[in-house]
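As they're listed, the protein sequences go chains A and B. Going by my numbering, the residue at position 184 of the first sequence is 184; the numbering climbs one at a time, nothing skipped. So my numbering is basically just the index in the second sequence, starting at one, shifted up by 1000. All C-beta atoms, glycine included, are put in the ideal place defined by N, C-alpha and C. A short worksheet on the structure shown next.
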Amino acid sequence: MNTCHFFAIAAVLPLLASAAVHPVFESGPVQTPPNPPTTPSEQIDQFVFDQLAERNLQPANLCSDAVFLRRAHLCVIGTLPTEQETRAFLDATDPDRRSRLIDELLKRDEFADYWSMKWGDLLRVKAEFPIKLWPNAVQAYHRWIHTSLRDNKPIHDFVRQMLVGNGSNFREGEVNFYRAMQDRSPRGIAATVALTFMGERAEKWPTKKLDAMAGFFAQVNFKPTAEWKEEIVYFDPMADKEALWRGAMFPDGTPGDLKLGLQDPRVVFADWLLRPENPWFSRNIANRAWSWLMGRGIVHEPDDNRPDNPPSNPELLAFLEKEFAASRCDMKHLFRIILNSQTFQLSSIPAQDSEEAAVHFAHYPLRRMEAEVLIDALNQLTRTQESYSSPIPEPFSFIPENIRAISLADGSITSSFLELFGKPPRDTGYESERGRNVSDAQRLHLLNSTHVHKKVAVSPLVEAAHDGESTPEEIADKVYHTVLSRPPTPDEVNALKTHAAEDYAGARELAADLVWALINEPEFFFIH
Amino acid sequence: MNSSSITLRRDLHRSTTSFGGVPVSRREALRRCVYGSAGVLLMEPLGIHAADETPLTGKAKSVIQIWLWGGPCHIDTFDPKPDAGKDYCGALDAPIETNVSGIRIGQLLPELAKQADKYSLIRSMTHGNNGHETASYLVQTGRPSDREVFPSVGAVTSYFKGYDNGYEGLIPPYIVLTEPQGRFSEAGFLGPRFKPFATGGDPADSVFAVEGIVAPGVSEERQRKRRSLLGGLNTLGGALPGNATLKTVAHSEEQAYEMILGDSGKLFDLSLEDEKVRDAYGRNTFGQSCLMARRLVEKGVPYITINYKGWDTHKQHFQIMNRKLPELDQGLAMLLQDLSDHGLLDSTIVWCTGEFGRTPKVQLESPWNGGRHHFGAVFSSLIAGGGFKGGQVVGSSNATGEEVKDRPVYPADMIASIYGQLGIPAEATLPHPMGTVAHVVPDEKEGVPSAGKLTEIL
């Protein structure tokens, strides 16, 4: 222990050169991890910081507790911390408070809701007009994903169940993996499997490679039942679609050696893909997880692995891949080691604002909240609800009014807000389908739509302000803690006082103005 | 002189780049290059192929679609059948002469009778579908409902004449006054970028509360004070001076305020119009929507839909006609006159139709007691401007208005004619999420009924 401490102090010096610590967003300079590192998180930091040092790049300072609280909530459970959660965390003084929060968040119910949404994008969980995927099949698919993530099912089991599934798509949710594809030919399936679980874009492959992989999917078949729109996905030993079966070969060039009628070729493929030593799978998941939490993949885009798109930090990716495989594909373990790293906890204020610094994770990037997370956050702080609907005809999906957008099972269930803010159509399974830009129309909506004005007007933050009683200080304290998850600075309180001095109608109007202003701050709608 | 030039990509599938497999327009891809981090990788496959772009000209620059939601009765409006008797005409059995000899229209449309030289009437529209949504889809896409959801004429126009083809400004290129028409009549597989912007509010109110632009209850002074509060609080921006992402946000905010407080938003302030002009359009939602549409056309907005509801008259048909037809008459007639006075009619298509007609035979039995039901076998549409001839009648229905007598016109024919005037060729393709080749107008292989473009009035 002492040794570690000594190393930490001794090695801090070269990194101390970073810029002055910002009082709101930063807590202090990063600490050089002990050598050798004692935890996986320290190992991550060592890989990142070593690479930065090699390139003469400075890491940003560490983010403040307030920034960490907010970032961790939004990244892990897609949910804004409440005022009470914020105050409790900011009052805490124990040195483990950040890792304690990470453990708590990983146990929250919203974890499964939020990550089902993310997986739902990749797995194309969406009812489609008129027949591709029926709403009740979508619900079964989503339920299966949600249960798997809630129970932290090892990801290789999760993937295996989808790859080898047989049965009714109304009853066995996972078989909808095969139903939800745009192209259900063996080549189409192979391309989807390559994208989803290997992070490779098969359209960039030589035709022969795709044909060879398609051989493993030449015996998947589909048949209807007496039940309206139900379909059975099954292994059909007699099928050999497009005569691809005989040529089955793994993407690494090893022949498939399939035995006709004796085994489901999908099982053979899953055995190959999900072996611990197979780099494609663990590497892809490790890189995706990094990208989801860090805003950028080590291989970027995270679903575009190819020889000419190398990882920005190969040692780091290899380490994450190994950690993931060694933990029996435990997603929460992977998240935990990333979240506990200093790298995840860097401030968004760059020591040097360059593309190179961003590629090597020298600071935490700004990302606009996902559409669903943003509307849920607005609803949470204004205590309002949304109505969502689906254009898919009968049987209509029943959508309770109080449901949160991150819990929506079906990609076809939407609202104009969600579409404006980039909810993905879930057509292709590409990560880039989700829009995270900021458009003029989005700004107009947040600044001046009746939708937002009404939410602000009925917000409990406005209700809590009493004309003639509440002072600007009190209003600022409550609104800042609720909306931005931090106390206001003296400057910010003064700005509000100045605003109040210009003959405003009372405390309620002042609170409404402040709530409106803060939800229009980039600090609110960006994860930072 | 009145022709507008648009840029058509000869092969949209090829020149529409794939952004992670999702077809996106070039401009969108460039925009994402600016915002996204994959910019460097993307620049190369995008490549600007100037040679692929051929400027095409169309006579029309804009379309005003007057959508009579619910389906107006053709024999009470543009295809009167006085000889069919009271069982068909009810009290509306005295059609009036128009300013074009030989053309008579319904007796409740005296103002439109004075404008008949400006428009043509299609009296043989047909598709045979009697369901509101499926018929609306047919009339607005030219195709029957099937596996795909095709974009409506407005979305297609916005695709070809909107932001990707030189349209600029914050006023969206496809606007609905005031409420959206609903599912199956919007952007279809083109995606939400091509959905119409629905204004909300009511242009006949003292303040037309356009969603996002004019917030009722928030005075201009309060808007300014709020803006100054917001500007003074920008703590994250202060910590990240020069951040490219935040600069983009700031720019978007300026654009938004240009709409909220600047000159752009004044477009929706109808109080800037002469009171006499406002009166002439009729001081009701439809009349003021027509006036608003003219103002939008003046700004170059390519597609405006006036979603005029209330034509689904299973009961109380004649009472409702007595109320609504004068409104339609006044607003539409004034729109044609006003467009013409402003020199805009030659470049603006005015297209007035419902999703179908109504049963020519009056439903006298209980519980209808004088109503009319849905009728997709025959209905009428009015079309004017944008290069379409006026003072003509295309096709006809039989003596009772129950069957097409000659020259059937299918929705696909009408749409192809409109696209032709806009300079969008029938063989142009739309970007399809699954890579299917989708032409703007159904091709022969699709087997959609067609009797050809409206060459009679082109």
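Counting only beta-carbon separations shorter than 8 Å, does Gln1181 (chain B) have a partner in chain A? Position 181 of the second sequence, counted from the start, is the residue given in the question as residue 1181 (chain B). Not an interface residue.
Quick one: what does DSSP say Arg367 (chain A) is sitting in, helix, strand or coil? Position 367 of the first sequence, counted from the start, is the residue given in the question as residue 367 (chain A). The answer is strand: DSSP assigns Arg367 (chain A) an E or B state.
Which residue from A:Ala377, A:Arg383 and A:Lys454 puts its Cα closest to that of Leu418 (chain A)? What you label residue 418 (chain A) is simply residue 418 of the first sequence in a count that begins at 1. Closest by alpha carbon: A:Ala377.
Would you mind sorting Asn176 (chain A) into buried or exposed? The rule is 16 or more other CB atoms within 10 Å of its CB. Along the first sequence, one-based indexing puts residue 176 (chain A) at 176. Per the 10 Å Cβ criterion, buried.
Alpha carbon of Ala137 (chain A) to alpha carbon of Phe170 (chain A), nearest angstrom: Walking along the first sequence from the start, residue 137 (chain A) turns up at place 137. Walking along the first sequence from the start, residue 170 (chain A) turns up at place 170. If I take the Cα positions, the gap works out to 5 Å.
For Glu26 (chain A) versus Pro33 (chain A), is the C-beta spacing smaller than 8 Å? Residue mapping note: residue 26 (chain A) aligns to position 26 of the first sequence, counting from 1. Residue mapping note: residue 33 (chain A) aligns to position 33 of the first sequence, counting from 1. Not a contact, by the Cβ cut-off of 8 Å.
Let me know the secondary structure DSSP gives Val438 (chain A) once reduced to three states. Counting from one through the first sequence, the residue named residue 438 (chain A) turns up at place 438. It is coil, neither helix nor strand.
What are the residues of the stretch 1246-1258 of chain B that lie near chain A, defined by any Cβ-Cβ distance shorter than 7 Å? Leu1246, Thr1248, Val1249, Ser1252, Glu1253, Gln1255 and Ala1256
Any chain B beta carbon closer than 8 Å to Pro135 (chain A): Indexing the first sequence from 1 puts residue 135 (chain A) at position 135. No, no contact with chain B.
Which runs of the alpha helix (DSSP H) spanning at least 4 residues fall entirely within the stretch 109-139 of chain A, listed in chain order? 109-122
Which same chain residues end up closer than 6 Å to Asp264 (chain A) when comparing Cβ atoms and leaving out the 5 residues on each side of it in sequence? Against the first sequence, residue 264 (chain A) aligns to sequence position 264. Excluding positions up to five away in sequence, the list reads Phe235.
Can you tell me whether Pro40 (chain A) is buried or exposed? The criterion is at least 16 other CB atoms within 10 Å of its CB, across all chains shown. Here residue 40 (chain A) is taken as the residue at index 40 of the first sequence, counted from 1. Looking at its Cβ environment, which holds 16 or more other Cβ atoms inside 10 Å, Pro40 (chain A) is buried.
Of the residues A:His451, A:Lys478, A:Thr450 and A:Val452, which one's Cα is nearest the Cα of Glu463 (chain A)? Numbered from its first residue, the first sequence carries residue 463 (chain A) at position 463. Minimum Cα distance to Glu463 (chain A) is reached at A:Lys478.
If you measure beta-carbon to beta-carbon, which residues of the stretch 1392-1410 of chain B are closer than 8 Å to chain A? none
How long is the line joining the alpha carbons of Ala1209 (chain B) and His445 (chain A), rounded to whole angstroms? For the purposes of this step, residue 1209 (chain B) is taken as the residue at position 209 of the second sequence. For the purposes of this step, residue 445 (chain A) is taken as the residue at position 445 of the first sequence. Between Ala1209 (chain B) and His445 (chain A), the C-alpha separation is close to 14 Å.
Ignoring anything shorter than 4 residues, give me the alpha helix (DSSP H) runs that lie fully in the stretch 455-488 of chain A, in order along the chain. 460-463 and 472-479
For the candidate residues A:His142, A:Leu293 and A:Val359, whose alpha-carbon lies nearest to that of Arg55 (chain A)? Here residue 55 (chain A) refers to the residue found at position 55 when the first sequence is read from its first residue. Measuring from the Cα of Arg55 (chain A), the nearest candidate turns out to be A:Val359.
To the nearest angstrom, how far is the alpha carbon of Val458 (chain A) from that of Arg1226 (chain B)? Residue mapping note: residue 458 (chain A) aligns to position 458 of the first sequence, counting from 1. Residue mapping note: residue 1226 (chain B) aligns to position 226 of the second sequence, counting from 1. Cα to Cα, Val458 (chain A) sits roughly 18 Å from Arg1226 (chain B).
Suppose the cutoff is 6 Å on Cβ atoms and the five residues either side in sequence are ignored; what does the same chain contact list for Tyr1035 (chain B) look like? Translated into positions along the second sequence, residue 1035 (chain B) becomes position 35. Note that Tyr1035 (chain B) scores 31 on pLDDT, short of 50, meaning its location in the model is unreliable and no value can be drawn from it.
List the residues of chain C whose Cβ lies closer than 9 Å to the Cβ of Glu1355 (chain B), in chain order. Protein chains in the displayed structure are A and B, and chain C is not among them.
Alpha carbon to alpha carbon, what distance is there between Pro307 (chain A) and Gly295 (chain A)? Translated into positions along the first sequence, residue 295 (chain A) becomes position 295. Translated into positions along the first sequence, residue 307 (chain A) becomes position 307. Going by the C-alpha atoms only, they are around 22 Å apart.
Buried or exposed by the 16-neighbour rule on C-beta atoms within 10 Å, applied to Gln385 (chain A): Sequence index remark: in the first sequence, residue 385 (chain A) carries index 385 (1-based). That one is exposed.
Neighbour list for Glu521 (chain A) in chain B, Cβ cutoff strictly below 9 Å: The count along the first sequence starts at 1 and reaches residue 521 (chain A) at position 521. Those are Leu1230, Leu1233, Asn1234, Thr1235, Leu1236 and Gly1237, listed as they occur along chain B.
Trp228 (chain A) burial status per 10 Å Cβ neighbour count (16 or more: buried): If you number the first sequence from 1, residue 228 (chain A) lands on position 228. Exposed, since its Cβ has fewer than 16 Cβ neighbours within 10 Å.
DSSP beta-bridge partners for Pro1348 (chain B)? Taking the first residue of the second sequence as 1, we reach residue 1348 (chain B) at position 348. Correcting the residue identity first, residue 1348 (chain B) is Thr in this sequence and not Pro. According to DSSP, which records beta bridges pairwise, Thr1348 (chain B) is partnered with B:Ser1062.
Between Asp1093 (chain B) and the rest of its own chain, which residues show a CB-CB distance below 6 Å, the 5 nearest in sequence each way excluded? For the purposes of this step, residue 1093 (chain B) is taken as the residue at position 93 of the second sequence. Once the five neighbours on either side are set aside, the close Cβ partners of Asp1093 (chain B) are Pro1082.
Mapping the DSSP letters down to three states, classify Met1125 (chain B) as helix, strand or coil. Position 125 of the second sequence, counting from 1, holds the residue named residue 1125 (chain B). Note: Met1125 (chain B) maps to strand in three-state DSSP.
In angstroms with no decimal places, state the Cα-to-Cα distance between Val1176 (chain B) and Thr1157 (chain B). As a working note, residue 1176 (chain B) is residue 176 in the second sequence. As a working note, residue 1157 (chain B) is residue 157 in the second sequence. Taking the straight line joining both Cα atoms gives about 13 Å.
Considering only C-alpha positions, which residue in the set B:Pro1151, B:Thr1313, B:Gly1262 and B:Trp1368 is nearest to Arg1224 (chain B)? The sequence position of residue 1224 (chain B) within the second sequence is 224, counting from 1. Out of B:Pro1151, B:Thr1313, B:Gly1262 and B:Trp1368, B:Gly1262 has the C-alpha closest to the C-alpha of Arg1224 (chain B).
Given the structure, does Asp1329 (chain B) come close to the ligand ZN, in the sense that its CB is under 7 Å from one of the ligand's heavy atoms? Ligands in the displayed structure: none, and consequently the ligand ZN is not present.
Under 8 Å, Cβ to Cβ, is there at least one residue of chain A near Arg1372 (chain B)? The sequence position of residue 1372 (chain B) within the second sequence is 372, counting from 1. With 8 Å as the cut-off, Arg1372 (chain B) does not count as an interface residue toward chain A.
How many whole angstroms separate the CB atoms of Ala507 (chain A) and Ser470 (chain A), which I take to be in contact at a CB cut-off of 8 Å? Within the first sequence, numbered from 1, the residue matching residue 507 (chain A) stands at position 507. Within the first sequence, numbered from 1, the residue matching residue 470 (chain A) stands at position 470. The pair is a contact, with the Cβ atoms about 4 Å apart (cut-off 8 Å).
For Phe1379 (chain B), the residue or residues it bridges with in DSSP: Position 379 of the second sequence, counted from the first residue, corresponds to residue 1379 (chain B). DSSP output for Phe1379 (chain B) lists B:Met1125 as bridge partner(s).
With a threshold of 7 Å on Cβ separation, who are the neighbours of Glu431 (chain A) within its own chain once the five nearest residues in sequence on each side are excluded? In the first sequence, residue 431 (chain A) corresponds to position 431, counting from 1. Excluding residues within five positions, the ones whose Cβ falls inside 7 Å are Glu301, Pro302 and Asp303.
What are the start and end residues of the beta strand (DSSP E) that includes Gln263 (chain A)? Counting from 1 along the first sequence, the entry for residue 263 (chain A) is found at position 263. Gln263 (chain A) -> no beta strand (DSSP E), and no H or E assigned at all.
Using the C-alpha atoms, what's the distance from Gly1090 (chain B) back to Lys1445 (chain B)? Here the question's residue 1445 (chain B) lines up with position 445 in the second sequence. Here the question's residue 1090 (chain B) lines up with position 90 in the second sequence. The straight-line gap from Cα to Cα measures roughly 44 Å.
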